[in-house]
Amino acid sequence: MAPHPYDVFAGVEDLVPAGVADHLRAVDLVDHHVHGHYNAALDRREFEDALNEGSTNPVPPHISMFESPLGVSIRRWCAPMLGLEPLASAEAYWEARSSFDAWSLARTLVGSAGVDTWVVDTGFVGDVLATPQQLAAAGGGRSVEIVRLETLLEGLVTRGVGADELAEAFRAELRGLPAEVVGAKTVAAYRCGLDIDWSRPTDDDVRASAARLHDEGGKPRLTDPVLIAFAVHEALACELPLQVHIGFGDRDLELDRADPLHLVPLLRDAPGHVPVMLLHCYPYHRQAGYLAQAFDQVHFDVGLAVNFLGAASSRLIAEAMELAPFAKQLYSSDAFGLPELHVLGSILWRRGMGLTLGEWVRRGDWAESDARDAVDLIARSNAERVYRLT
Amino acid sequence: MAPHPYDVFAGVEDLVPAGVADHLRAVDLVDHHVHGHYNAALDRREFEDALNEGSTNPVPPHISMFESPLGVSIRRWCAPMLGLEPLASAEAYWEARSSFDAWSLARTLVGSAGVDTWVVDTGFVGDVLATPQQLAAAGGGRSVEIVRLETLLEGLVTRGVGADELAEAFRAELRGLPAEVVGAKTVAAYRCGLDIDWSRPTDDDVRASAARLHDEGGKPRLTDPVLIAFAVHEALACELPLQVHIGFGDRDLELDRADPLHLVPLLRDAPGHVPVMLLHCYPYHRQAGYLAQAFDQVHFDVGLAVNFLGAASSRLIAEAMELAPFAKQLYSSDAFGLPELHVLGSILWRRGMGLTLGEWVRRGDWAESDARDAVDLIARSNAERVYRLT
Amino acid sequence: MAPHPYDVFAGVEDLVPAGVADHLRAVDLVDHHVHGHYNAALDRREFEDALNEGSTNPVPPHISMFESPLGVSIRRWCAPMLGLEPLASAEAYWEARSSFDAWSLARTLVGSAGVDTWVVDTGFVGDVLATPQQLAAAGGGRSVEIVRLETLLEGLVTRGVGADELAEAFRAELRGLPAEVVGAKTVAAYRCGLDIDWSRPTDDDVRASAARLHDEGGKPRLTDPVLIAFAVHEALACELPLQVHIGFGDRDLELDRADPLHLVPLLRDAPGHVPVMLLHCYPYHRQAGYLAQAFDQVHFDVGLAVNFLGAASSRLIAEAMELAPFAKQLYSSDAFGLPELHVLGSILWRRGMGLTLGEWVRRGDWAESDARDAVDLIARSNAERVYRLT
Chain A
1 MAPHPYDVFA
11 GVEDLVPAGV
21 ADHLRAVDLV
31 DHHVHGHYNA
41 ALDRREFEDA
51 LNEGSTNPVP
61 PHISMFESPL
71 GVSIRRWCAP
81 MLGLEPLASA
91 EAYWEARSSF
101 DAWSLARTLV
111 GSAGVDTWVV
121 DTGFVGDVLA
131 TPQQLAAAGG
141 GRSVEIVRLE
151 TLLEGLVTRG
161 VGADELAEAF
171 RAELRGLPAE
181 VVGAKTVAAY
191 RCGLDIDWSR
201 PTDDDVRASA
211 ARLHDEGGKP
221 RLTDPVLIAF
231 AVHEALACEL
241 PLQVHIGFGD
251 RDLELDRADP
261 LHLVPLLRDA
271 PGHVPVMLLH
281 CYPYHRQAGY
291 LAQAFDQVHF
301 DVGLAVNFLG
311 AASSRLIAEA
321 MELAPFAKQL
331 YSSDAFGLPE
341 LHVLGSILWR
351 RGMGLTLGEW
361 VRRGDWAESD
371 ARDAVDLIAR
381 SNAERVYRLT
Chain B
1 MAPHPYDVFA
11 GVEDLVPAGV
21 ADHLRAVDLV
31 DHHVHGHYNA
41 ALDRREFEDA
51 LNEGSTNPVP
61 PHISMFESPL
71 GVSIRRWCAP
81 MLGLEPLASA
91 EAYWEARSSF
101 DAWSLARTLV
111 GSAGVDTWVV
121 DTGFVGDVLA
131 TPQQLAAAGG
141 GRSVEIVRLE
151 TLLEGLVTRG
161 VGADELAEAF
171 RAELRGLPAE
181 VVGAKTVAAY
191 RCGLDIDWSR
201 PTDDDVRASA
211 ARLHDEGGKP
221 RLTDPVLIAF
231 AVHEALACEL
241 PLQVHIGFGD
251 RDLELDRADP
261 LHLVPLLRDA
271 PGHVPVMLLH
281 CYPYHRQAGY
291 LAQAFDQVHF
301 DVGLAVNFLG
311 AASSRLIAEA
321 MELAPFAKQL
331 YSSDAFGLPE
341 LHVLGSILWR
351 RGMGLTLGEW
361 VRRGDWAESD
371 ARDAVDLIAR
381 SNAERVYRLT
Chain C
1 MAPHPYDVFA
11 GVEDLVPAGV
21 ADHLRAVDLV
31 DHHVHGHYNA
41 ALDRREFEDA
51 LNEGSTNPVP
61 PHISMFESPL
71 GVSIRRWCAP
81 MLGLEPLASA
91 EAYWEARSSF
101 DAWSLARTLV
111 GSAGVDTWVV
121 DTGFVGDVLA
131 TPQQLAAAGG
141 GRSVEIVRLE
151 TLLEGLVTRG
161 VGADELAEAF
171 RAELRGLPAE
181 VVGAKTVAAY
191 RCGLDIDWSR
201 PTDDDVRASA
211 ARLHDEGGKP
221 RLTDPVLIAF
231 AVHEALACEL
241 PLQVHIGFGD
251 RDLELDRADP
261 LHLVPLLRDA
271 PGHVPVMLLH
281 CYPYHRQAGY
291 LAQAFDQVHF
301 DVGLAVNFLG
311 AASSRLIAEA
321 MELAPFAKQL
331 YSSDAFGLPE
341 LHVLGSILWR
351 RGMGLTLGEW
361 VRRGDWAESD
371 ARDAVDLIAR
381 SNAERVYRLT
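Chains as they are written, first to last, in the UniProt record's numbering: chain A, 1 to 390; chain B, 1 to 390; chain C, 1 to 390.
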């Protein structure tokens, strides 16, 4: 990897022992949950809207979305990559950014993330985003893919698979996934909430629900908890590592129905050797850490929120280090669209881990080697293990 | 404003850069959710009971409520305003306090808060408390008012408005509010919980519920979720900025039914341009920050808890800065009765903001101007905007 | 007490004023919720399994449970007590530990906790654990006991008490408890969840539920919410201080059904003068602090989690100091089996309290005497009061 065009420990050098800092500067990450960057230029309205996970602009018209934790952090860390001073004004940032075409911007930002493996979720508005191959070209390293279970099942319905054949066709689909697919993801939290009956549906149950879905006509949208539970159980039966959207997301979500504790019946029932990855988790990251501690197969990350919390993300990263064994946490940016997010996630995570572990090392609570070992697990080894990235 | 008789950054001068500290020392606040101070002297039992939000005394008889986070902070910050050393003993504090009459005490304490606009909730035991005019006289600046929806509706029933006329009479009431009323508040959390059916009731629904309320006789107490949902929807339809009690309150409350996530169906349904202010929010302030980030009209504060957490409030204030755009948070003390609470809320908020933003500025995460801008929004500009305080 | 073979403020001396540090080093604790240590040697697999509260091993086979917050803290603090350097390797630790017999190990570790009163829960797998007398012999000081309500009731059924006699027999049992029993505990959270109907059952209700329990045959396992509510109400009626398992525990638990807010109907109904102690509470410790502030009889601790969070426990301890009056919090280790846990709980609590209170004293928020008084209450006086340990 090229040296990073920034020092993630600028301003906190005295808080992070050199052995910890150097290790965190150098480690290549596996970003285990990420989307492509935009492959076309944006206007400023589109850019500001993209700074808000909720997809609408929650601030009044006269206030810029730059006036948010994420906005300040982009000015702090990404401005220097565009040739500006850290914390250059929003106007200067926008002007400098506008001088790049989409590809150069992606090369400059995504390429500075220090990520060598991108585990890409291709299930959502994939056509305005870089493909996994394009992302890997911009960012360096390689890409693998995660298939979205709801999209897969909707695709079968769209292609005319009847209610009687749906269960078997879905199983065939899972068995025939291409080699670059290393896992599956469910967005049950967006579709029906996680507080559903997680018992395994029979093929007859699937038939009845699928018939209703067909009757609705039009472009199918999967919200039936029976079909979603079916898809999840089938993925686990195929030993596909399973990602589950948890917590923080956009306003389509009912946040309390995205609490990971709703998954306990599924986790008790599921095979203990098929990894389950709880994504994002904020503000339920302590609950996620508990589940990762209690259940053999559970892992978690605090992606997305790390970016959106900006300078405050170091406390979130510290809280994520509270309970779970170090083998149970993974790194992700959950970057979507803006290439700023691909690199910022990496910077804030390295900085936050350095502040958290650095304090413990300085105080004698941990050895430097403990810190390096935990970093290696979370930065990449755990992801390599659960997705079998050899 | 007169200079404050304390330095909010005493003991932490080296942690808060001067440009941030001076700005936080000087900014005049809008206290957007506050009650009057007591307008008569208290005995010590009454004083100690007032130190507990729960309205009963939760500590054993031989222990003083001074032995609480709030109690220590009053000794720390208010003792010097009464001519004592910081952290003077509880006995010395009580003795000095007793030498003031209610009005002098209010002038001394409320008048040191550095607040120039008091947005006063007059809906609860208003007769033992200073009026908004008296509060503004003691504290300096001006006052405006918030009308409590449940009180307004109960008042109509008490005045003999029949079930058939209640809906229309309530609408007339809202249309005829005096100019000093800048918003409405609901205490649904205390009356029926927030986990109700938030769909908009018809006038027929209101009639049926009102008939039941009349049948109960006596002084009416509004707990019917249909009538409460009606009142809330009517206030929003009148474009009245809406305050909602969330989280921490006294023991009448079921705390989990005061989680702001229960409001999602209402927020989706409500007009996006009428501001909704989530009050207090602890320990659901992260959920509140999420809603403020996701929904155009949602704002929040962490008042009340700032006072009750005392020295620990700086972490709460930091957590409140995690996710929401800076245009979506407001300052409040939620002081009630004790004039100590009117000034302490201001001191602890300034100190907590200084520690939070000061760390980020020292580390280079934020520019000083970013800190000043965020302070101005939260301290007053957001309140001026949502309540149209021109 | 013998001087501790460690300094709990090593590495943080400059953060904790001497007057606070010395007091925290010296205070003898009442460990108000603890179990016996193992009275036989373990093999390494058993030891590593015991490092996980969930009772299974949640990490992959090639990773040691030492790679967890708890594991690092054991190497940090217990290694020196076994003659090793702080943070000696896991292998060296295991080797040194293996050279001790169970009794010597207990004497060495438990005996260094600085606890002079052990309030022992004897209700769970008591036969592989030291008795309260053995624990007191190893640890120094004295022991008293907590009876587990579910175990008591199951014992009556096992001994053949019929459904008609069960209610009265249980009351007789409670009235006849030996003098060393100072309180009762319910594990309702494990048996039926805390979200049950907490109204007081009649003897007829008990009869009907008991008949069903008898019909099940075999070794009875009490999960019926009617019988559990009955047992709890009877204990309160006998004025037995009541411990309630809350929050963090093993995977048998549904964590969200162990939220203390489910207890509100019981707390409103219960006699205000019989102490209720909420145990563990993580990650619901803020909710527990709220209840301790709002309800006269409610107390809480953050035991168990303090050990499992390791170096991160100082933030948990700080959060536990947010809202509750100081008379409402207690110290516990909730150590079970591994004698490391009996001493580590004490060390981490002293260190965490020193960091929390030390910061406030350094900043002038608290006086040193405030810190010492709060420590005395939480370390021992509150436990002496609620359990009448005279």
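Beta carbons are placed, not taken as given, at the ideal position from N, Cα and C, and that holds for glycine.
Nearest to P241 of chain A by C-alpha distance, out of A:E145, A:D7, A:M353, A:A371, is A:E145.
Between the stretch 188 to 204 of chain C and the stretch 248 to 258 of chain C, the count of C-beta pairs closer than 8 Å reaches three or more; the two stretches touch.
Counting the other CB atoms within 10 Å of its CB gives G114 of chain C a total of 16 or more, which places it among the buried residues. The straight-line gap separating the alpha-carbon atoms of Q243 of chain A and H32 of chain A is approximately 10 Å. The residue among B:L291, B:E340, B:M353 with its C-alpha nearest the C-alpha of V34 of chain B is B:E340. The beta carbon of Y290 of chain A falls within 9 Å of a beta carbon belonging to chain C, placing the residue at that interface. In terms of Cα proximity to H262 of chain A, the closest of A:S199, A:V72, A:S369 is A:S199.
Against E91 of chain B, chain C offers no close residue; the least beta-carbon distance is about 13 Å (beta-carbon pairs closer than 8 Å). For chain C, the residues of the stretch 283 to 316 of chain B that bring a beta carbon within less than 8 Å of one of its beta carbons are P283, A305, F308, L309, G310, A311, A312, R315, L316, in chain order. Residues of the stretch 149 to 181 of chain A whose Cβ lies closer than 8 Å to any Cβ of chain B: none. Within the stretch 321 to 341 of chain B, the residues whose Cβ lies closer than 7 Å to some Cβ of chain A are M321, E322, L323, P325, F326, A327, K328, listed in chain order. Proximity of D365 of chain B to chain A, defined by a Cβ-Cβ separation below 9 Å, is satisfied. At a C-beta separation below 7 Å, A10 of chain C has these neighbours in chain A: G364. Put simply, of C:W94, C:D127, C:L213, C:G83 the residue whose alpha carbon is nearest the alpha carbon of E154 of chain C is C:L213. In this structure G247 of chain C is in contact with Y284 of chain C, their Cβ atoms being roughly 5 Å apart against a cut-off of 8 Å. Taking a C-beta distance under 9 Å as the contact criterion, L309 of chain C and E322 of chain A qualify as a contact pair.
Closer than 9 Å to the CB of S104 of chain C there is not a single CB belonging to chain A. Against chain A, a Cβ distance below 7 Å from I63 of chain C picks out A327.
For V72 of chain A, the chain B residues whose Cβ falls inside 7 Å of its Cβ are W366, D370, in order along the chain. Proximity of D373 of chain C to chain B, defined by a Cβ-Cβ separation below 9 Å, is satisfied. Nearest in C-alpha terms to V12 of chain C, of all of A:W118, A:L377, A:V361, is A:V361.
Around the Cβ of K328 of chain C, a 10 Å sphere holds 16 or more other Cβ atoms; the residue is buried.
With fewer than 16 other Cβ atoms from the protein chains shown falling within 10 Å of its own Cβ, S104 of chain A counts as exposed. Between the stretch 374 to 382 of chain A and the stretch 12 to 31 of chain A, the count of Cβ pairs shorter than 8 Å is three or higher; the stretches touch. The C-beta separation of H299 of chain A from V161 of chain A comes to about 33 Å, leaving the pair out of contact by the 8 Å criterion. Chain B places no beta carbon closer than 9 Å to that of R380 of chain A, leaving this residue out of the contacts. Counting every other CB atom within 10 Å of its CB across the protein chains shown gives T202 of chain A a total below 16, marking it as exposed. Boundaries of the alpha helix (DSSP H) harbouring A294 of chain B: 285 to 294, taken from the DSSP string.
Nearest to A96 of chain C by alpha-carbon distance, out of C:A324, C:A179, C:L84, is C:L84. Residue nearest to S143 of chain C within the set C:T158, C:T117, C:P265, C:V157 is C:T117 (criterion: CA-CA distance). Contacts with chain C at 9 Å (Cβ-Cβ) do not include R350 of chain B. If you draw a straight line from the Cα of R207 of chain C to the Cα of A270 of chain A, it is about 38 Å long. Our two residues, E319 of chain C and F9 of chain C, have alpha carbons roughly 20 Å apart in a direct line. Cβ-Cβ distances below 6 Å link T151 of chain C to G123 in the same chain, with the five nearest sequence neighbours on each side left out; the list follows chain order. Checking the DSSP bridge columns, you'll see R351 of chain B has no partner listed.
Beta-bridge pairing by DSSP links W118 of chain A to A:D31, A:S143.
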